[in-house]
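Taking it in order: structure first as structure tokens, then the write-up.
In the working numbering, the protein residues as written are 37 to 392.
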């Protein structure tokens, strides 16, 4: 197990299998015996109604493997059963196997229809117990076990969503793929507005250095200014970890945003934008019926809006970015000294991008 990034272990319960066969013939008996050899807890259903009732019964547990007799549509509609299973709550990661006639492998349209309905694999009928046992063993290793691992992601996503810290996950092109609840509040945007958004639309500062660090498998740690929809921009302490899910090149970037030097739940204190009623005029000045006063007030609001939309960056942020660039081309002793300086700067509350 990787000590730096420990793995969440998948559940390891007694595996349960549901066999949907309209009669107990030689094929059904061989499949049942193969399941017993793999120490699966077997339940048999004879009709599609019986199978679906078994799945929707709240007293029944989750089935890891469902094997459907798809040799004939006269007695069982395998496509309908598979599609219904995929729409049954709690069975998103169930492995569905369809037992078909050998001749079906010459008709790709039949097998494709089963796969499109939610079947994971189609296997030919056989009365050879050894062949059936080996096929089942491969299914357990290549499909059922990976599905159990994938199911643990729900626990991780739940934890991320409940965190008070802002978490963003992007792909290798810095397009946002995940944002937790705290990120929604910080950006003052709904989740559907954030997902697939380029990271450059979120940060005022240049984000190209993030990918430069990622290609070197280095973490990024800087102060960046974040755009907030309808609100003032906020300078945030941004930590980025490159993650290589496949190969050595980063496939994803994990962003952790926090306020420099803050110890409380800053995001929860952020004001949310409130839409003004249609036709209303808000001003810091007292109301006036003077036409010139109203006109000048409108121009003042327009100028202020243009000013706040400028891509301003706090001077201290620019200093830290310059130090980071110098750090890449200096001696180890100088790099350690720059690290101490940057750590000190990040603890100070001098990051408000205001014009004076």
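We treat Cβ as the ideally placed atom computed from N, Cα and C, and that holds for glycine.
Go ahead and label residue i buried or exposed: buried means 16 or more other beta carbons lie within 10 angstroms of its beta carbon, across all protein chains shown.
{"i": "residue 166", "result": "exposed"}
{"i": "residue 154", "result": "buried"}
{"i": "residue 164", "result": "exposed"}
{"i": "residue 100", "result": "buried"}
{"i": "residue 372", "result": "exposed"}
{"i": "residue 250", "result": "buried"}
{"i": "residue 269", "result": "buried"}
{"i": "residue 278", "result": "buried"}
{"i": "residue 107", "result": "buried"}
{"i": "residue 291", "result": "buried"}
{"i": "residue 370", "result": "exposed"}
{"i": "residue 241", "result": "buried"}
{"i": "residue 142", "result": "exposed"}
{"i": "residue 246", "result": "buried"}
{"i": "residue 362", "result": "exposed"}
{"i": "residue 366", "result": "exposed"}
{"i": "residue 117", "result": "buried"}
{"i": "residue 115", "result": "buried"}
{"i": "residue 127", "result": "buried"}
{"i": "residue 271", "result": "buried"}
{"i": "residue 130", "result": "buried"}
{"i": "residue 121", "result": "buried"}
{"i": "residue 87", "result": "buried"}
{"i": "residue 175", "result": "buried"}
{"i": "residue 68", "result": "buried"}
{"i": "residue 239", "result": "buried"}
Sorted by chain position, which residues of the same chain lie with C-beta nearer than 6 Å to residue i's C-beta, five sequence neighbours on each side aside?
{"i": "residue 384", "result": "In this predicted model, residue 384 has a pLDDT of only 48, less than 50, meaning its place in the structure is not dependable; the value taken from the coordinates is given anyway. If we look at residue 384 and ignore the five residues flanking it on each side, it has no Cβ neighbours."}
{"i": "residue 217", "result": "197"}
{"i": "residue 138", "result": "160"}
{"i": "residue 157", "result": "133"}
{"i": "residue 71", "result": "53 and 78"}
{"i": "residue 109", "result": "none"}
{"i": "residue 252", "result": "none"}
{"i": "residue 76", "result": "51 and 53"}
Can you name the residues that DSSP bridges to residue i?
{"i": "residue 400", "result": "With the chain covering 37 to 392 only, the question about residue 400 has no answer from this structure."}
{"i": "residue 79", "result": "54"}
Just verifying my parser: in three-state terms, what is the DSSP assignment at residue i?
{"i": "residue 368", "result": "helix"}
{"i": "residue 52", "result": "strand"}
{"i": "residue 257", "result": "strand"}
{"i": "residue 362", "result": "helix"}
{"i": "residue 270", "result": "strand"}
{"i": "residue 377", "result": "helix"}
{"i": "residue 262", "result": "strand"}
What residues in its chain sit with their C-beta under 7 Å from that of residue i, if we drop five residues either side in the sequence?
{"i": "residue 113", "result": "84"}
{"i": "residue 378", "result": "356 and 359"}
{"i": "residue 258", "result": "274, 356, 357 and 360"}
{"i": "residue 199", "result": "216 and 218"}
{"i": "residue 186", "result": "129"}
Looking only at its chain, what residues have a beta carbon closer than 8 Å to the beta carbon of residue i, apart from the 5 residues adjacent to it on each side?
{"i": "residue 220", "result": "226, 227 and 230"}
{"i": "residue 58", "result": "82, 83, 105, 111 and 112"}
{"i": "residue 281", "result": "287 and 288"}
{"i": "residue 243", "result": "210, 235, 236 and 260"}
{"i": "residue 191", "result": "44"}
{"i": "residue 146", "result": "136 and 140"}
{"i": "residue 66", "result": "162, 163, 164, 165 and 168"}
{"i": "residue 206", "result": "212, 213, 235, 288, 289 and 291"}
Quick one: is residue i near chain B, going by C-beta distance under 8 Å?
{"i": "residue 112", "result": "In the displayed structure, chain B is absent; only one protein chain is listed."}
> Mind pulling the alpha helix (DSSP H) runs of 4 or more residues that sit fully within the segment 82 to 154?
Replying inline: Fully enclosed alpha helix (DSSP H) runs of 4 or longer: 84 to 92, 114 to 122 and 144 to 152.
> Considering only residues of the segment 148 to 234, which uninterrupted beta strand (DSSP E) runs meet the minimum length of 3 residues and lie entirely inside it, listed in chain order?
Replying inline: Qualifying beta strand (DSSP E) stretches, in chain order: 157 to 160, 202 to 207 and 212 to 215.
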